[in-house]
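Chemist:
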Amino acid sequence: MGTLRVTGWAAAQRGFSTAAAPPPRRCHGAPLARARCAPPSAPAVASSIGAGQLRVGAEREWLWDCRGGGGARDYAREMEVAVRVVQMACTLCQRVQRSLLRPGHDAGGRVHSKFDRSPVTVADWGVQAIISWLLSSSFHDENISIVAEEDDETLSSSDGAALLQSVVEAVNGCLVEAPMYGLRSPEKELRAHDVIQAIRKCSSTGGPKGRFWVLDPVDGTLGFVRGDQYAIALALIEDGEVILGVLGCPNYPMKKEWLNYHHKYYRLMSKVSPPPLGSWNKGCVMYAQKGCGQAWMQPLVHDFGKLDWRHPREIQVSSISDPISATFCEPVEKTNTSHSFAAGLAHTVGLRNQPLRVYSMVKYAAIARGDAEIFMKFARAGYKEKIWDHAAGVVIIQEAGGVVTDAGGRPLDFSRGVYLEGLDRGIIACSGALLHQRILDAVDASWNSSTL
Ligand SMILES: Nc1ncnc2c1ncn2[C@@H]1O[C@H](COP(=O)(O)O)[C@@H](OP(=O)(O)O)[C@H]1O
Ligand SMILES: [Mg+2]
134 MGTLRVTGWA AAQRGFSTAA APPPRRCHGA PLARARCAPP SAPAVASSIG AGQLRVGAER
194 EWLWDCRGGG GARDYAREME VAVRVVQMAC TLCQRVQRSL LRPGHDAGGR VHSKFDRSPV
254 TVADWGVQAI ISWLLSSSFH DENISIVAEE DDETLSSSDG AALLQSVVEA VNGCLVEAPM
314 YGLRSPEKEL RAHDVIQAIR KCSSTGGPKG RFWVLDPVDG TLGFVRGDQY AIALALIEDG
374 EVILGVLGCP NYPMKKEWLN YHHKYYRLMS KVSPPPLGSW NKGCVMYAQK GCGQAWMQPL
434 VHDFGKLDWR HPREIQVSSI SDPISATFCE PVEKTNTSHS FAAGLAHTVG LRNQPLRVYS
494 MVKYAAIARG DAEIFMKFAR AGYKEKIWDH AAGVVIIQEA GGVVTDAGGR PLDFSRGVYL
554 EGLDRGIIAC SGALLHQRIL DAVDASWNSS TL
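Under the working numbering, the first residue of the sequence shown is numbered 134, with each subsequent residue one higher.
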């Protein structure tokens with residue numbers, strides 16, 4: 134079982150800085166380490182503590198205590214910081230998305246185009262800057278290794294000044310609130326130069342050895358600019374293995390049927406019948422550690438008012454294994470995957486439900502939460518998948534009980550740099566092995582006659 138052991142709820146609520154806190158008491162190793170590792174002076178613990186719940190009354194720090202993996206190592210501090218920084222990033226994104234959708238409002242020149250003509254906004258650079266700064270400051274590591282999607286070229290260019298100013302404002306507007314998330318604010322506001330440096334720092338190219346973070350600041354930017362689904366994805370990789378995954382999904386509806394609705398309809402409905410204050414109707418952060426055998430989700434600080442380690446919900450993949458009842462998801466954009474090939478596979482396997490087309494790694498989230506059973510992506514020949522588009526989602530699905538491989542049945546390889554080198558044809562994620570095998574067989578049977 135994985136549980137969140139806390140030694141700092143009150144401190145976090147008062148805005149106590151985790152970065153400034155004394156080093157946490159580490160629980161090395163072991164299953165059932167929780168009791169042994171509790172601080173000796175910790176006051177009585179609430180009588181029945183479920184997995185993932187708050188440990189009342191302890192001191193100083195929250196600690197992620199993964200007890201289910203037998204030999205699973207202790208990544209308490211990394212998990213704690215990762216969830217907090219993704220929570221903050223969700224807030225930044227929500228603000229930028231709202232301003233983008235407000236007619237006539239200029240959110241930093243609104244939407245820009247990258248070299249491959251994909252969109253990029255203040256949120257992409259803003260999130261990358263805050264996460265880079267917060268990881269670096271939380272771990273007291275100026276040279277922390279981060280592989281991330283954005284570079285600073287546009288912002289540093291001669292006509293990027295106004296845009297850079299918007300990013301700096303978004304970054305400082307968020308960082309000043311860091312104590313609400315149990316993180317440290319900078320002593321002074323970041324200047325343009327500091328923001329550029331933070332973005333530039335994310336220049337690791339990964340590889341087979343050592344430890345690095347992988348960040349997609351706004352995955353599914355097209356969904357983001359359209360007011361629809363998007364995700365903030367952060368993972369920790371060690372010696373080529375994804376160890377931690379955290380996915381912020383600010384627009385994820387807690388009622389799974391809503392995932393099907395067009396975002397405009399969703400927004401309209403939310404206005405007509407707004408959810409009761411404080412209810413958890415949408416938005417979450419999901420997280421998992423490799424080997425724990427459990428995955429969790431908590432509401433957004435921004436919507437819920439505080440970090441809620443107290444009632445995280447465990448998430449699990451669906452138990453449906455009959456294709457007739459299963460739902461598959463795929464990218465919205467047909468430039469990113471072959472809808473027709475997936476439709477052929479669906480027919481062969483006997484899937485009857487309409488595909489669920491969703492932007493971003495929210496598709497991984499949907500499988501992990503049990504809201505869909507299959508995710509398939511078949512990019513056009515020549516497109517190379519990047520590690521930041523998959524790392525966090527893969528470990529969360531696996532720990533929630535699902536299976537993720539390439540279309541040849543091999544695990545995705547995160548050890549070979551920025552790209553998922555050697556990927557065989559496509560990506561298949563399923564809630565269970567039976568469905569997974571059926572899809573693999575169907576791919577084999579129809580690949581040669583496809584135009585892919
Ligand atoms: N031609 C292409 N084929 C496949 N994937 C692509 C692609 N062009 C971009 N992508 C990736 O698909 C991601 C979006 O996924 P989806 O289509 O599932 O919403 C993009 O992430 P970003 O939005 O972070 O750039 C990008 O990395
Ligand atoms: Mg992406």
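Think of the CB as a built atom: it goes at the ideal place given N, C-alpha and C, for glycine as much as any other residue.
From PRO341, VAL358, LEU380 and ALA262, pick the residue whose C-alpha is nearest to that of LEU323; which is it?
Modeler: The residue you call residue 323 lines up with position 190 of the sequence shown. Taking only the C-alpha atoms, the option nearest LEU323 is ALA262.
Chemist: Under 5 Å from any heavy atom of ligand 2, by CB: list those residues in chain order, please.
Modeler: ASP349, ASP352 and ASP522
Chemist: Which residue comes first and which comes last in the alpha helix (DSSP H) that contains CYS335?
Modeler: The count along the sequence shown starts at 1 and reaches residue 335 at position 202. Run containing CYS335: none; DSSP gives neither H nor E here.
Chemist: ILE520 and VAL551 look like a contact to me (Cβ under 8 Å); what is the Cβ gap, rounded to whole Å?
Modeler: Within the sequence shown, numbered from 1, the residue matching residue 520 stands at position 387. Within the sequence shown, numbered from 1, the residue matching residue 551 stands at position 418. Confirmed, Cβ separation roughly 6 Å.
Chemist: DSSP has TRP346 in a bridge; who is on the other side?
Modeler: Residue mapping note: residue 346 aligns to position 213 of the sequence shown, counting from 1. Bridge partners of TRP346: ILE279 and LEU369.
Chemist: Would DSSP call PRO407 helix, strand or coil?
Modeler: Mapped onto the sequence shown, residue 407 falls at position 274. Coil, per DSSP.
Chemist: Got a sec: does ligand 1 put a non-hydrogen atom nearer than 7 Å to the Cβ of THR354?
Modeler: As a working mapping, residue 354 is identified with position 221 in the sequence shown. Under cutoff, so the answer is yes.
Chemist: Could you round the C-beta distance between GLU532 and GLY426 to whole angstroms and report it? I think they count as a contact, below 8 Å.
Modeler: The count along the sequence shown starts at 1 and reaches residue 532 at position 399. The count along the sequence shown starts at 1 and reaches residue 426 at position 293. With 8 Å as the limit, GLU532 and GLY426 qualify as a contact, their Cβ atoms being about 6 Å apart.
Chemist: Considering only residues of the same chain and omitting the five flanking positions on each side of HIS435, which have a CB-CB separation below 7 Å?
Modeler: Numbered from 1 along the sequence shown, position 302 holds the residue referred to as residue 435. Correct list, in chain order: CYS223, THR224 and GLN227.
Chemist: According to the neighbour-count rule (16 or more other Cβ atoms, all chains shown, within 10 Å of its Cβ), is GLN487 buried or exposed?
Modeler: Within the sequence shown, residue 487 is the residue found at index 354, counting from 1. The residue in question, GLN487, is exposed, as its Cβ has fewer than 16 Cβ neighbours within 10 Å.
Chemist: In terms of DSSP beta bridges, what is TRP429 paired with?
Modeler: Residue 429 sits at position 296 when you count from the first residue of the sequence shown. TYR420 and GLU447.
Chemist: Keeping to the same chain, check which residues put their C-beta closer than 6 Å to that of ALA366; ignore five residues upstream and five downstream.
Modeler: As a first step, residue 366 must be located in the sequence shown, where it is residue number 233. For ALA366, where only same-chain residues beyond five positions count, the Cβ hits under 6 Å are ASP349, ASP352, LEU380, MET494 and ALA525.
Chemist: Would you say the beta carbon of ALA281 comes nearer than 7 Å to a heavy atom of ligand 1?
Modeler: The count along the sequence shown starts at 1 and reaches residue 281 at position 148. No, since every heavy atom of ligand 1 falls outside the 7 Å radius drawn around the Cβ of ALA281.
Chemist: Which residue marks the beginning of the alpha helix (DSSP H) containing THR378, and which one marks its end?
Modeler: The sequence position of residue 378 within the sequence shown is 245, counting from 1. It is worth fixing the name first, because residue 378 is Gly in this sequence and not Thr. In the DSSP assignment, GLY378 falls outside any alpha helix (DSSP H) and lies within the beta strand (DSSP E) extending over 374 to 386.
Chemist: Any contact of the stretch 318 to 335 with the stretch 552 to 564, i.e. 3+ C-beta pairs under 8 Å?
Modeler: With a cut-off of 8 Å on Cβ pairs, the stretch 318 to 335 is not in contact with the stretch 552 to 564, counting fewer than three such pairs.
Chemist: Nearer than 7 Å: is that true of the beta carbon of PRO445 relative to any heavy atom of ligand 1?
Modeler: Numbered from its first residue, the sequence shown carries residue 445 at position 312. Answer for PRO445: no, Cβ out of range of ligand 1.
Chemist: When the distance is taken between beta carbons, is ILE370 closer than 8 Å to SER265?
Modeler: For the purposes of this step, residue 265 is taken as the residue at position 132 of the sequence shown. For the purposes of this step, residue 370 is taken as the residue at position 237 of the sequence shown. Result no, Cβ atoms of SER265 and ILE370 do not sit closer than 8 Å.
Chemist: Check the C-beta distance from LEU568 over to PRO456 and give it rounded, since I have them as a contact under 8 Å.
Modeler: Within the sequence shown, residue 568 is the residue found at index 435, counting from 1. Within the sequence shown, residue 456 is the residue found at index 323, counting from 1. Confirmed, about 7 Å.
Chemist: Output yes or no for whether 8 Å exceeds the beta carbon distance between GLU390 and THR460.
Modeler: The count along the sequence shown starts at 1 and reaches residue 390 at position 257. The count along the sequence shown starts at 1 and reaches residue 460 at position 327. Result no, Cβ atoms of GLU390 and THR460 do not sit closer than 8 Å.
Chemist: List the whole-angstrom C-beta distance separating VAL300 from LEU288, where the pair is believed to meet the contact cut-off of C-beta under 8 Å.
Modeler: Start at 1 with the first residue of the sequence shown, and residue 300 comes out as number 167. Start at 1 with the first residue of the sequence shown, and residue 288 comes out as number 155. Confirmed, about 6 Å.
Chemist: What ranges does the beta strand (DSSP E) occupy inside the stretch 473 to 540, keeping only unbroken runs of at least 3 residues that lie completely in it?
Modeler: 507 to 510 and 536 to 539
Chemist: Please classify GLU322: does DSSP put it in a helix, a strand, or coil?
Modeler: On the sequence shown, residue 322 is found 189 positions in, with the first residue counted as 1. In this structure, DSSP gives GLU322 a state outside helix and strand, which the three-state scheme calls coil.
Chemist: Which stretch, first to last residue, makes up the beta strand (DSSP E) that contains PHE437?
Modeler: Taking the first residue of the sequence shown as position 1, residue 437 is located at position 304. Here PHE437 belongs to no beta strand (DSSP E); instead the alpha helix (DSSP H) covers 434 to 437.
Chemist: Can you tell me where the beta strand (DSSP E) with ILE263 in it begins and where it stops?
Modeler: Taking the sequence shown and counting its residues from 1, the one referred to as residue 263 is at position 130. Unbroken run through ILE263 is the alpha helix (DSSP H), 255 to 271; no beta strand (DSSP E).
Chemist: Looking at TYR385 and GLY416, is the spacing between their C-beta atoms short of 8 Å?
Modeler: Against the sequence shown, residue 416 aligns to sequence position 283. Against the sequence shown, residue 385 aligns to sequence position 252. Yes, Cβ-Cβ distance for GLY416 and TYR385 is below 8 Å.
Chemist: The alpha helix (DSSP H) that contains ILE572, what's its start and end?
Modeler: Here residue 572 refers to the residue found at position 439 of the sequence shown. Element bounds for ILE572: 566 to 579.
Chemist: Please classify SER451 as buried or exposed, where buried requires at least 16 neighbouring CB atoms within 10 angstroms.
Modeler: Start at 1 with the first residue of the sequence shown, and residue 451 comes out as number 318. Under this definition SER451 is a buried residue.
Chemist: Say the cut is 7 Å; is the CB of VAL465 nearer than that to a heavy atom of ligand 1?
Modeler: Here residue 465 corresponds to residue number 332 of the sequence shown, with the count starting at 1. Indeed, a heavy atom of ligand 1 lies less than 7 Å from the Cβ.
Chemist: Give the single residue among GLU463, LEU478 and VAL214 whose Cα lies nearest to the Cα of GLN362.
Modeler: Walking along the sequence shown from the start, residue 362 turns up at place 229. Among GLU463, LEU478 and VAL214, the Cα nearest to that of GLN362 is on GLU463.
Chemist: Got a sec: does ligand 1 put a non-hydrogen atom nearer than 7 Å to the Cβ of ASN469?
Modeler: For this step, residue 469 is matched to residue 336 along the sequence shown. It does: the Cβ of ASN469 is within 7 Å (strictly closer) of some heavy atom of ligand 1.
Chemist: Considering only the alpha carbon of each residue, which of GLN220, ARG217, VAL253 and SER454 lies closest to LEU233?
Modeler: The sequence position of residue 233 within the sequence shown is 100, counting from 1. LEU233 has its Cα closest to that of VAL253, out of GLN220, ARG217, VAL253 and SER454.
Chemist: Could you give the DSSP three-state label for TYR399: helix, strand or coil?
Modeler: Translated into the one-based positions of the sequence shown, residue 399 becomes position 266. When DSSP states are grouped into helix, strand and coil, TYR399 belongs to the helix group.
Chemist: For the beta strand (DSSP E) containing GLU463, name the first residue and the last one.
Modeler: Locating residue 463 in the sequence shown gives position 330, where the first residue counts as 1. Where GLU463 is concerned, the enclosing beta strand (DSSP E) stretches over 461 to 463.
Chemist: Which stretch, first to last residue, makes up the alpha helix (DSSP H) that contains ALA294?
Modeler: Position 161 of the sequence shown, counted from the start, is the residue given in the question as residue 294. Taken as a continuous stretch (DSSP letters only), the alpha helix (DSSP H) holding ALA294 covers 294 to 308.
Chemist: Can you tell me whether ASN581 is buried or exposed? The criterion is at least 16 other CB atoms within 10 Å of its CB, across all chains shown.
Modeler: Against the sequence shown, residue 581 aligns to sequence position 448. ASN581 should be labelled exposed.
Chemist: Quick one: measure Cβ to Cβ for ALA368 and VAL347, integer angstroms, because I've assumed they're closer than 8 Å.
Modeler: In the sequence shown, residue 368 corresponds to position 235, counting from 1. In the sequence shown, residue 347 corresponds to position 214, counting from 1. Confirmed, about 5 Å.
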